[in-house]
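A short worksheet on the structure shown next.
Number of protein chains: 2
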Amino acid sequence: MSKYWSKLAARLEPYVPGEQPKDKKYIKLNTNENPYPPSTNVLEAIKAAADERLKLYPDPNGDELKSILADYFGLKKEQIFLGNGSDEVLAFSFMAFFDAQHPILFPDITYSFYPVYANLFKIDYELIPLKDDFTLPVDQFFKSNGGIIFPNPNAPTGDCVTLEAIEEVLLHNKEHVVIIDEAYIDFGGESAQKLIDQYPNLLVVQTLSKSRSLAGLRVGFALGHKDLIEGLNRIKNSINSYTLDRLALAGAIEAVKDDEYFQSTRNKVIQTREKVTLELRKLGFKVITSKANFVFISHPLIQAADLFMSLKKESILVRYFQQPRIDNYLRVSIGSDAEMDSFLHVIHKIISSGFPHQ
Amino acid sequence: MSKYWSKLAARLEPYVPGEQPKDKKYIKLNTNENPYPPSTNVLEAIKAAADERLKLYPDPNGDELKSILADYFGLKKEQIFLGNGSDEVLAFSFMAFFDAQHPILFPDITYSFYPVYANLFKIDYELIPLKDDFTLPVDQFFKSNGGIIFPNPNAPTGDCVTLEAIEEVLLHNKEHVVIIDEAYIDFGGESAQKLIDQYPNLLVVQTLSKSRSLAGLRVGFALGHKDLIEGLNRIKNSINSYTLDRLALAGAIEAVKDDEYFQSTRNKVIQTREKVTLELRKLGFKVITSKANFVFISHPLIQAADLFMSLKKESILVRYFQQPRIDNYLRVSIGSDAEMDSFLHVIHKIISSGFPHQ
Chain F
3 MSKYWSKLAA RLEPYVPGEQ PKDKKYIKLN TNENPYPPST NVLEAIKAAA DERLKLYPDP
63 NGDELKSILA DYFGLKKEQI FLGNGSDEVL AFSFMAFFDA QHPILFPDIT YSFYPVYANL
123 FKIDYELIPL KDDFTLPVDQ FFKSNGGIIF PNPNAPTGDC VTLEAIEEVL LHNKEHVVII
183 DEAYIDFGGE SAQKLIDQYP NLLVVQTLSK SRSLAGLRVG FALGHKDLIE GLNRIKNSIN
243 SYTLDRLALA GAIEAVKDDE YFQSTRNKVI QTREKVTLEL RKLGFKVITS KANFVFISHP
303 LIQAADLFMS LKKESILVRY FQQPRIDNYL RVSIGSDAEM DSFLHVIHKI ISSGFPHQ
Chain C
3 MSKYWSKLAA RLEPYVPGEQ PKDKKYIKLN TNENPYPPST NVLEAIKAAA DERLKLYPDP
63 NGDELKSILA DYFGLKKEQI FLGNGSDEVL AFSFMAFFDA QHPILFPDIT YSFYPVYANL
123 FKIDYELIPL KDDFTLPVDQ FFKSNGGIIF PNPNAPTGDC VTLEAIEEVL LHNKEHVVII
183 DEAYIDFGGE SAQKLIDQYP NLLVVQTLSK SRSLAGLRVG FALGHKDLIE GLNRIKNSIN
243 SYTLDRLALA GAIEAVKDDE YFQSTRNKVI QTREKVTLEL RKLGFKVITS KANFVFISHP
303 LIQAADLFMS LKKESILVRY FQQPRIDNYL RVSIGSDAEM DSFLHVIHKI ISSGFPHQ
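Same order as they appear, the protein sequences are chains F and C.
For the first sequence, the positions run 3 to 360 when the numbering used here is used.
For the second sequence, the positions run 3 to 360 when the numbering used here is used.
The structure is reproduced here in structure tokens:
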């Protein structure tokens with residue numbers, strides 16, 4: 003606390019990202035990174051862009067990347083907004099579409115950045131409790147509100163709702179913006195971007211961080227009606243005209259273009275997830291059915307906090323959230339087959355060591 | 003305008019960056035880019051970082067870059083904040099240190115992003131008119147205020163105040179944060195970073211975009227007391243944990259390390275500026291004495307708006323601001339010697355064509 007802070011800075015409760023420890027080598031299953039490298043085309047494009055043109059500002063509109071994304075999704079360039087990771091896109095969306103006066107709705111168990119944004123921009127919110135099985139109670143979003151946001155698949159549960167469920171939410175909400183945060187959609191869900199031309203208040207947010215193996219490049223985007231995109235541009239252009247550097251733009255273009263590589267790596271992640279789910283269930287774990295690149299797990303005999311620590315001792319990092327309802331769960335990112343074999347091996351060892359009886 | 007916009011989005015007046023035309027090849031003297039390429043070490047470091055590690059998130063704290071900057075400036079890591087260009091750093095500073103209740107002070111002729119930030123975050127401000135010769139009336143900043151911000155050198159004038167003048171402002175302002183925006187400081191001014199350990203309310207903002215030839219990489223930073231830096235981190239971590247991608251971090255480190263190249267290119271820009279100033283004055287131009295990588299010029303016989311258009315026809319882009327007091331001036335970035343020779347040649351042609359008498 004400092005006397006020089008604004009009232010805003012003083013009352014904030016910032017988001018805490020998953021740890022990036024430097025003390026030793028871990029199997030990192032804690033921040034939902036993709037175990038596979040980016041497409042080699044991406045790396046080549048970045049190297050080719052690393053030349054004297056870096057002295058010049060990037061295209062503030064990212065027109066070329068927008069064209070590629072527009073082609074990919076069958077949309078117009080004016081229906082696409084680019085940001086520095088989907089977190090920035092989400093932050094700008096809170097500013098562009100939500101007002102202090104109208105409480106917005108999001109699930110009680112969800113991406114923990116939403117309440118941070120709401121606090122930052124003084125936007126009231128009402129938490130919609132997930133059902134006991136952690137599925138989304140779609141009809142609870144039919145009430146009056148100032149906007150809606152939820153991830154699909156949800157984080158940290160991995161549970162995914164159908165396109166029909168999304169459309170039901172939209173049919174009951176035509177006055178305010180409905181944001182579907184699709185950071186994990188490519189691992190088995192169906193994107194709501196198909197509904198964009200029908201619903202002018204639908205904003206779909208995606209990222210290259212997970213399914214395109216580019217967490218280190220910081221590229222996210224939003225798809226929606228051109229008026230929503232213009233609203234986002236108004237916010238962005240009041241903060242920072244150039245949020246994506248030349249290298250990120252160059253790499254992102256190739257990432258979207260190399261669909262074959264994308265299909266192959268996301269399918270590998272999906273296959274590994276299915277195998278890991280099966281193995282964990284065999285070991286007595288409750289595993290929420292996941293359409294994301296992580297699984298949310300709980301064991302009847304071992305406290306999640308203890309398991310977290312035991313795994314960390316064995317150089318395996320997963321994510322533990324000390325929050326009501328989920329404090330006996332761990333979120334485990336899906337790594338490579340070899341990493342997940344090591345994870346399962348260690349889990350097996352911990353369980354058979356009779357850990358809970360010590 | 004859309005019914006889905008927040009009140010905030012609806013009332014904004016976004017910043018308009020200098021044009022980046024794609025219709026033909028211009029000599030670009032309109033966005034204060036450096037005419038020299040980045041250090042080859044920067045390009046090599048970026049290429050080396052373009053590998054499979056891009057699948058992983060960058061270090062959210064940018065510790066290695068902070069260490070290098072700390073060494074460079076003789077500060078501690080805790081006194082350094084990193085952002086996606088100095089624009090993002092400035093936007094976060096408005097949020098972290100200024101309140102709606104207390105009007106802040108900045109010059110009437112200055113970086114046109116300041117009123118945009120103030121409007122965005124609903125911060126009242128009072129404009130301090132520059133003197134008739136466009137120098138800063140330092141004593142006008144001695145009045146009660148909720149914070150102060152000005153660029154040094156100022157933009158778009160290039161006028162620079164001394165370190166003693168900055169210290170006078172600080173001596174008269176101990177209750178609120180004083181931000182010195184030093185985007186152009188390396189072209190001949192003296193940085194206020196020397197005063198940081200004495201004044202806990204001083205924030206110095208710099209960028210790699212201009213003097214390090216890296217406008218395309220998006221790296222800015224702030225230097226100040228660790229409490230101010232913590233305030234900025236609270237804002238950043240409520241919006242986007244990872245604002246700098248892995249490539250920007252890798253390139254920035256080498257840019258700061260290669261001091262020899264930095265010294266050589268900034269000196270070349272300074273020499274070209276001095277030569278251009280002299281030549282323009284010979285042609286009858288009023289040229290504000292500049293310590294930046296641009297000159298602010300006015301001719302007694304040719305309207306700036308006309309000259310802007312004539313230059314554009316000749317494929318030379320400069321910046322014209324249609325604003326009170328400066329609407330008969332042009333801001334001309336300092337390019338390479340060859341570019342400035344072309345510029346002077348065209349200017350000479352326009353003037354001798356008797357343009358004003360047509």
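All C-beta atoms, glycine included, are put in the ideal place defined by N, C-alpha and C.
Note that the structure is predicted; figures quoted are calculated from it, not measured.
Classify residue i: buried if its beta carbon has 16 or more other beta carbons within 10 angstroms, exposed otherwise.
i, result
"lysine 57/F", "buried"
"glutamine 22/C", "buried"
"histidine 178/F", "buried"
"lysine 24/F", "exposed"
"phenylalanine 144/C", "exposed"
"glutamine 200/C", "exposed"
"alanine 294/C", "buried"
"glutamine 273/F", "exposed"
Is there at least one Cβ from chain C nearer than 8 Å to residue i's Cβ?
i, result
"valine 207/F", "no"
"glutamine 195/F", "no"
"lysine 57/F", "yes"
"leucine 313/F", "no"
"proline 62/F", "yes"
"lysine 68/F", "no"
"asparagine 43/F", "no"
"aspartate 261/F", "no"
"asparagine 86/F", "yes"
"threonine 33/F", "yes"
"leucine 204/F", "no"
"lysine 176/F", "no"
Going by DSSP, what residue range makes up the beta strand (DSSP E) through residue i?
i, result
"glutamate 128/C", "127-130"
"arginine 333/C", "332-335"
"isoleucine 181/C", "180-183"
"alanine 224/C", "222-226"
"leucine 205/C", "204-209"
Thinking C-alpha only, which one of the options is nearest residue i?
i, options, result
"proline 37/C", "Leu313/C, Phe94/C and Asn269/C", "Asn269/C"
"isoleucine 125/F", "Gly148/F, Ala185/F and Ser114/F", "Gly148/F"
"leucine 332/C", "Leu31/C, Ala12/C, Asn121/C and Glu15/C", "Leu31/C"
"valine 91/C", "Glu232/C, Arg214/C, Val289/C and Thr267/C", "Glu232/C"
"leucine 45/C", "Lys314/C, Val258/C, Ile336/C and Asn295/C", "Val258/C"
"serine 95/C", "Lys238/C, Arg248/C, Phe144/C and Glu316/C", "Lys238/C"
"lysine 168/C", "Pro158/C, Ala157/C and Ile182/C", "A quick correction: the sequence has isoleucine, not lysine, at residue 168/C. Closest by alpha carbon: Ile182/C."
"leucine 251/C", "Leu10/C, Ser69/C, Ser4/C and Lys27/C", "Ser69/C"
"isoleucine 106/C", "Val180/C, Leu71/C and Pro139/C", "Val180/C"
"alanine 102/C", "Gly64/F, Ser193/F, Leu165/F and Leu10/F", "Leu10/F"
Express the C-alpha separation of residue j and residue i in angstroms, rounding to a whole number.
i, j, result
"proline 19/F", "serine 243/C", "7 Å"
"leucine 234/C", "tyrosine 113/C", "21 Å"
"leucine 346/F", "serine 338/F", "12 Å"
"glutamine 265/F", "glutamine 325/F", "35 Å"
"arginine 275/C", "isoleucine 336/C", "6 Å"
"histidine 359/F", "phenylalanine 310/F", "Its pLDDT being 45, under 50, histidine 359/F is placed unreliably in this model, and the value from its coordinates should be taken loosely. One C-alpha to the other measures close to 17 Å."
"threonine 209/C", "proline 202/C", "21 Å"
"proline 39/C", "asparagine 154/F", "44 Å"
"leucine 216/F", "threonine 267/F", "13 Å"
"leucine 362/F", "serine 4/C", "Lying before the first or after the last residue shown, residue 362/F is absent from chain F, which here runs from 3 to 360."
"asparagine 2/F", "serine 8/C", "No answer is possible for residue 2/F: the residues shown for chain F start at 3 and end at 360."
"aspartate 110/C", "phenylalanine 136/C", "10 Å"
"leucine 282/C", "leucine 77/F", "50 Å"
"arginine 55/F", "phenylalanine 152/C", "29 Å"
"glycine 85/C", "glycine 286/F", "46 Å"
Please report whether the beta-carbon of residue i lies at a distance below 8 Å from any beta-carbon of chain F.
i, result
"tyrosine 116/C", "no"
"glutamate 128/C", "no"
"methionine 342/C", "no"
"serine 243/C", "yes"
"isoleucine 182/C", "no"
"leucine 249/C", "yes"
"glutamine 22/C", "yes"
"aspartate 101/C", "yes"
"isoleucine 48/C", "yes"
Where do the ends of the alpha helix (DSSP H) carrying residue i lie?
i, result
"serine 2/F", "Because residue 2/F is not part of the residues shown, which for chain F are 3 to 360, the question remains open."
"proline 399/F", "For chain F, the structure presents residues 3 to 360; residue 399/F sits outside this window and is missing."
"glycine 160/C", "It is not in any alpha helix (DSSP H) - glycine 160/C carries neither H nor E in the DSSP assignment."
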